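The block underneath contains the structure these notes are about, expressed in structure tokens.
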Amino acid sequence: MRSLILPALKMTIAAIVTILITSALDLQYATTAGVIALLSIQSTKKESFKMAFKRIIISLIALALSGALFYAFGFYIIVFGVFLIIFIPLAYLVKMQEGLVVATVLVTHLLVEAKFSILLNEVLILIIPVMIALIVNLYMPNSEQKLMKKEAEIDKSISNILANIAKALQKELSWTILNEELDLAKEMVNKALEDASYYHNNLLFNNSEYHLNYLFMRNTQLEYLSRIAKYFERIIEVYPVSIDIARFVATLKNDIGYKDMATIRLEELKGMREDMKSLPLPKERTEFENRAMLYQILNELEEFLFVKIQFHQNNDHLYCKIRP
């Protein structure tokens with residue numbers, strides 16, 4: 139309910155201010171201008187500017203086209219019908235169908251008044267409400283702190299998952315619990331991505347996609363952790379190498395955050411892989427299969443770390459822009 143209060147308040151203010159201004163200017167159809175202002179309030183700043191552009195352009199096209207038809211054939215309903223047959227497909231063709239209704243309403247004024255002197259009035263009751271709506275919609279609550287809080291919760295969840303992977307490697311935890319935690323973490327990321335998209339679309343002059351990219355990175359990392367969880371179905375016993383990998387994973391849980399700790403850990407992982415290669419070959423089939431699964435887990439962990447490294451390479455300059 140609270141999320142509806144601000145948009146409703148904006149729509150009300152935009153509509154009333156528009157009606158007052160257009161009435162003070164002695165323009166006809168002031169209430170129509172108020173409705174246009176109301177319709178021009180969008181959920182984000184970028185959407186508002188896109189809508190304003192489309193609405194103005196398609197409405198001017200509509201007035202020009204209808205004006206030409208009315209001038210050539212007269213102010214008749216049949217001519218208005220011809221206008222609609224031409225205009226509606228055109229609006230969809232140029233992908234400006236969002237402004238179709240408002241444009242048509244303005245044309246009906248021209249039809250009813252049956253005089254071209256009303257054209258200036260129509261342009262003004264289009265431009266004024268759209269501009270007022272843009273001004274009113276410039277106010278948007280800053281949601282970055284809320285977004286960063288969600289990112290911290292996701293990082294904590296991933297940290298817990300890594301801690302539990304370390305336990306599962308030592309048979310101290312059932313792998314089925316990991317799947318439940320992974321599902322919850324993915325749900326958290328999806329919800330946070332919606333907030334990040336909303337935040338990004340309210341940045342007019344700062345086009346930073348840092349938060350979006352951060353969450354996409356975490357989402358990809360969760361996919362690699364999900365693959366690791368599947369290997370536990372086939373890991374039967376605990377071997378010394380399992381404990382070594384478990385210790386390594388346990389250290390990763392403390393590294394989850396905005397800083398780049400992955401580069402250092404990746405080098406450690408490569409060293410661990412080389413150590414595994416130098417181990418004597420397993421004598422039992424079970425140990426052989428286990429080691430194969432553990433090797434695959436190392437591969438997934440490598441990708442897990444590499445995703446974070448790539449993120450820093452591509453986004454650290456954005457981090458500097460949003461963190462003075």
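In this note's numbering, each number is its position in the sequence shown, counted from 1, plus 138.
Cβ atoms here follow ideal geometry from the backbone N, Cα and C, with glycine treated the same way.
These numbers come from a predicted model, not from an experiment.
Sorted by chain position, which residues of the same chain lie with C-beta nearer than 7 Å to residue i's C-beta, five sequence neighbours on each side aside?
i, result
"residue 408", "none"
"residue 395", "293"
"residue 235", "229"
"residue 372", "427, 431"
"residue 306", "313, 316, 370"
"residue 302", "311, 315, 316, 319"
"residue 441", "362"
"residue 216", "none"
Output the distance between the C-alpha atoms of residue i and residue j, rounded to the nearest integer angstrom.
i, j, result
"residue 228", "residue 160", "30 Å"
"residue 361", "residue 367", "10 Å"
"residue 142", "residue 204", "38 Å"
"residue 323", "residue 296", "7 Å"
"residue 453", "residue 232", "35 Å"
"residue 240", "residue 333", "30 Å"
"residue 377", "residue 415", "15 Å"
"residue 254", "residue 158", "25 Å"
"residue 182", "residue 383", "46 Å"
"residue 365", "residue 444", "16 Å"
"residue 247", "residue 208", "12 Å"
"residue 438", "residue 363", "7 Å"
"residue 185", "residue 340", "9 Å"
"residue 210", "residue 154", "38 Å"
"residue 458", "residue 145", "In this prediction, residue 458 scores a pLDDT of 48, lower than 50, which makes its location untrustworthy; no coordinate-derived value is stated."
"residue 149", "residue 177", "8 Å"
"residue 359", "residue 197", "47 Å"
"residue 356", "residue 436", "18 Å"
"residue 191", "residue 403", "49 Å"
"residue 347", "residue 335", "9 Å"
"residue 195", "residue 237", "9 Å"
Could you give the first and the last residue of the continuous alpha helix (DSSP H) run that contains residue i?
i, result
"residue 412", "400–415"
"residue 234", "First-last for residue 234: undefined, no H or E at that position."
"residue 378", "378–390"
"residue 362", "348–369"
"residue 198", "183–211"
"residue 278", "Taken as a continuous stretch (DSSP letters only), residue 278 belongs to no alpha helix (DSSP H), as it is neither H nor E."
"residue 336", "313–338"
"residue 175", "168–177"
Please return the same chain residues whose Cβ sits closer than 8 Å to the Cβ of residue i, not counting the five positions on each side in sequence.
i, result
"residue 354", "331"
"residue 326", "288, 291, 292, 295"
"residue 351", "449, 452, 453, 456"
"residue 462", "Summary for residue 462: the model assigns pLDDT 37, below 50, so the residue's position carries little reliability, and this model does not support an answer."
"residue 410", "382, 383, 386, 436"
So, for residue i: in the same chain, excluding its five sequence neighbours on each side, which residues have a beta-carbon less than 6 Å away from its beta-carbon?
i, result
"residue 417", "none"
"residue 300", "387, 390, 391"
"residue 172", "153, 156, 157"
Hey, would you say residue i sits closer than 9 Å to residue j, going by beta carbons?
i, j, result
"residue 432", "residue 379", "yes"
"residue 152", "residue 275", "yes"
"residue 156", "residue 179", "no"
"residue 213", "residue 249", "yes"
"residue 244", "residue 264", "yes"
"residue 99", "residue 385", "For residue 99 there is no data in the structure shown, the boundaries of the chain being 139 and 462."
"residue 308", "residue 381", "yes"
"residue 398", "residue 329", "no"
Open item on the list: Measuring CB atoms only, is the region 257–265 touching the region 162–175, in the sense that at least three cross pairs come out at less than 8 Å?
Closed with: Look at the beta carbons and you see the region 257–265 touching the region 162–175: at least three pairs across the two are nearer than 8 Å.
Open item on the list: Would the region 264–271 count as touching the region 214–229 if we require 3 or more Cβ pairs under 8 Å?
Closed with: Taking one beta carbon from each stretch, the region 264–271 and the region 214–229 have fewer than 3 pairs nearer than 8 Å; the two do not touch.
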